[in-house]
Structures are given as C-alpha cells and as structure tokens.
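Offset between the sequence shown (1-based) and our numbering: plus 4.
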Amino acid sequence: MLDGMNAKHSILAARAVRWMAGLLLWLAAEGGSAGTGGPDGAAVLEFADGRVRCVVESGQLAGAAELAMKTALRTLPPPEAPSTLAVRLLPPPPFYKRWFGAGSPHGMQREDEIALQPEADGVKLAFRLGHEMSHWLVAKSNPRRPPLWLDEGLAQRIGAQAAAAAGRTEKRGLARTPPDGWEACALTLDELTGLGDYGGSPAASGAFYWQAERLVDALCERLGRDDFLAYLSILSTPPVPGWQAPLRGRWWFNDSDFEALARAIAPSTPNPTVPPK
C-alpha cells in the first residue's frame with residue numbers, strides 16, 4: 005500500500021516538474037522577445053509632395069499607416085518644413101501584465117516617433133495610428149500643445165475617421181459602444197474644458213475621451229475645417245486665451261451656442277458609429 009502511494013506521488017511530482025519547466029520556458033519567451041519588425045522589413049511612405057515622410061519599421065504596418073496618414077491630412081495641414089515620422093511596434097507586454105490588465109498603452113507619440121502595441125485587427129490599428137498621427141501633426145504645426153480636451157478630442161475624431169475608412173476597405177459593418185460606466189463619470193462642459201491632466205479611474209478616463217471627441221465633433225460641424233484649424237491655432241499659440249473667448253469674439257457664439265455644446269457631450273447624446281481606441 006505504501007509503495008503504491010509513493011509511486012503515485014512520484015508520478016505527480018514528475019508531472020509537476022514538467023509543468024513548471026514548460027511554464028518557465030513560456031515565461032522566458034513572453035518576457036524576452038524584443039524583435040517586432042519581423043522579416044518583412046521597413047517601408048518608407050511619402051505624403052503631401054514629400055513634406056511628410058513615414059518610415060514604418062514593419063511592412064505589416066504600412067497599409068494601415070498609409071490609410072491613417074491620408075485620413076489625418078484631410079483635416080490637418082502637413083508641417084511647413086519636410087518632416088519624418090518613425091512608426092514602430094512595441095514588444096508585447098509580459099503575460100502577467102496582460103493577465104492583470106496592466107499592459108502598456110496601445111500607442112504613444114513622442115517627438116517624431118509613434119510606437120504601437122501589435123494589433124491584428126486592422127480597424128483598431130487604423131484608429132490608433134490615426135490618433136497618434138493627429139498628435140504628431142498638431143505638434144509639428146503649432147508652437148505649443150493645445151488644451152487637453154482639444155488635442156485628445158481631435159485625435160479621437162481622426163482616429164475614428166481612419167477606423168471607418170479601414171472598415172470600408174474590409175467591408176465590415178462597424179458598431180461603436182461607449183466606455184463602460186462613463187455616464188457616472190460624465191463631466192460638465194466647464195469641467196471637461198478645464199481638465200489639465202488625465203488622472204482618475206479607467207471609467208473617468210473613458211468618459212473624458214468620449215466627451216472630448218463629441219465636443220470637437222460639434223465644433224467641427226459648426227465651424228467647418230478652415231475655421232476649426234484657425235481656432236486650433238489660436239489655442240495653440242501663446243498667449244492662449246480662454247477657450248470660449250475666440251468663439252464669442254470671432255465666430256459670434258452666444259450663450260445658446262454653448263448650451264448646445266453642453267448638450268452635445270451629455271450622456272443622452274446618441275453614440276458615434278465607429279470603433280473606440
């Protein structure tokens with residue numbers, strides 16, 4: 005009887021050792037892989053008669069990068085001086101960060117580089133590229149960053165347009181849902197336009213991005229492209245006035261117009277129909 009129990013324990017111990025060895029090999033592979041470009045090589049894309057040059061680290065990003073930059077340039081002007089933007093993939097976050105939902109941001113823009121997490125969904129990839137390319141184009145054409153709500157709301161709008169273009173290319177019907185719990189964290193118009201940092205919970209952050217995009221959408225519809233770009237330039241050039249002052253002084257907004265903007269970002273507003281970042 006004792007020999008049978010010992011044999012059973014030995015078998016279980018051997019299985020545990022094999023399982024642990026396999027787990028350690030998997031962890032090493034997950035945490036140690038830094039090669040993201042792959043064998044397909046880099047791609048160089050040019051736009052706006054050569055004034056914008058994108059060096060895309062991985063050829064698998066080239067199609068989405070081209071679509072996203074073309075979309076962004078329909079709204080934003082190219083830099084005055086020829087400029088080069090590098091686009092690269094980040095290594096995936098370690099498995100334990102993904103398990104606990106603490107992975108790296110989906111994408112980030114710093115100076116003349118955009119770095120993105122790998123993404124197999126072409127619509128989501130187009131959104132993230134369009135979002136970060138908006139930040140880059142705004143930074144290249146203005147002396148300082150615009151207010152947070154304006155910069156992020158515009159980036160969300162352009163990302164959404166790029167995602168919609170990708171969806172049409174893939175013949176996909178797109179349905180967009182708002183961030184979970186955003187209504188409970190919804191900001192007033194004064195709170196949204198006064199926000200100076202991201203902060204807060206994931207629900208609060210989701211509400212901020214959702215409402216900032218809606219506010220920019222409403223302003224673009226009211227002003228049109230050229231006047232919106234003029235407004236963007238005013239709020240990106242020191243000394244920066246309050247966000248309402250140019251609208252009242254140059255574009256004759258009154259209290260009723262600002263009440264309409266407040267309604268546009270309220271939770272009862274119908275949802276956009278393109279996928280989120």
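Cβ atoms here follow ideal geometry from the backbone N, Cα and C, with glycine treated the same way.
Residue 88 has 57 as its beta-bridge partners, per DSSP. Around the CB of residue 161, 16 or more other CB atoms lie within 10 Å, so the residue is classed as buried.
In the three-state DSSP reduction, residue 159 falls in the helix class (H, G or I). Taking the Cα positions, residue 165 is about 15 Å away from residue 67. In this structure, residue 189 lies away from residue 159, with their beta-carbon atoms at least 8 Å apart.
Within the region 179 to 206, the runs of alpha helix (DSSP H) that reach at least 4 residues and sit entirely inside it are, in chain order, 193 to 198. Looking at the backbone, the Cα of residue 267 and that of residue 87 are separated by about 39 Å.
Put simply, of 187, 163, 231 and 228 the residue whose alpha carbon is nearest the alpha carbon of residue 215 is 187.
Between the C-alpha atoms of residue 69 and residue 49 there is a straight-line separation of about 9 Å.
With fewer than 16 other Cβ atoms inside 10 Å of its own Cβ, residue 45 counts as exposed.
Shown here, residue 118 sits in a strand according to DSSP, grouped into three states. For residue 155, the closest of 236, 55 and 258 by C-alpha to C-alpha distance is 236.
For residue 121 against residue 94, the beta-carbon gap comes to about 5 Å, under 8 Å, which counts as contact.
Here residue 48 is bridged, per DSSP, to 59. Remark: three or more beta-carbon pairs, one from each stretch, lie closer than 8 Å, so the region 70 to 84 and the region 169 to 183 are flagged as touching. In the three-state DSSP reduction, residue 94 falls in the coil class, being neither helix nor strand.
Judged by beta-carbon spacing, residue 57 lies beyond the 8 Å limit of residue 82, meaning their Cβ atoms are not closer than that value. Only residues of its own chain outside the window of five on either side were considered, and among them 121 and 132 have a CB closer than 6 Å to the CB of residue 110, listed in chain order. In the structure shown, residue 228 adopts coil according to DSSP, grouped into three states. Within a 10 Å sphere around the beta-carbon of residue 256 sit fewer than 16 other beta-carbons, which makes this residue exposed.
If you check the CB distance, residue 92 and residue 117 come in under 8 Å. Judged by DSSP in its simplified three-state form, residue 246 adopts coil rather than helix or strand. Only buried fits residue 157, as 16 or more other CB atoms lie within 10 angstroms of its CB. Where residue 139 is concerned, the enclosing alpha helix (DSSP H) starts and stops at 126 to 145. Just so you know, the alpha carbons of residue 233 and residue 59 end up roughly 27 Å apart.
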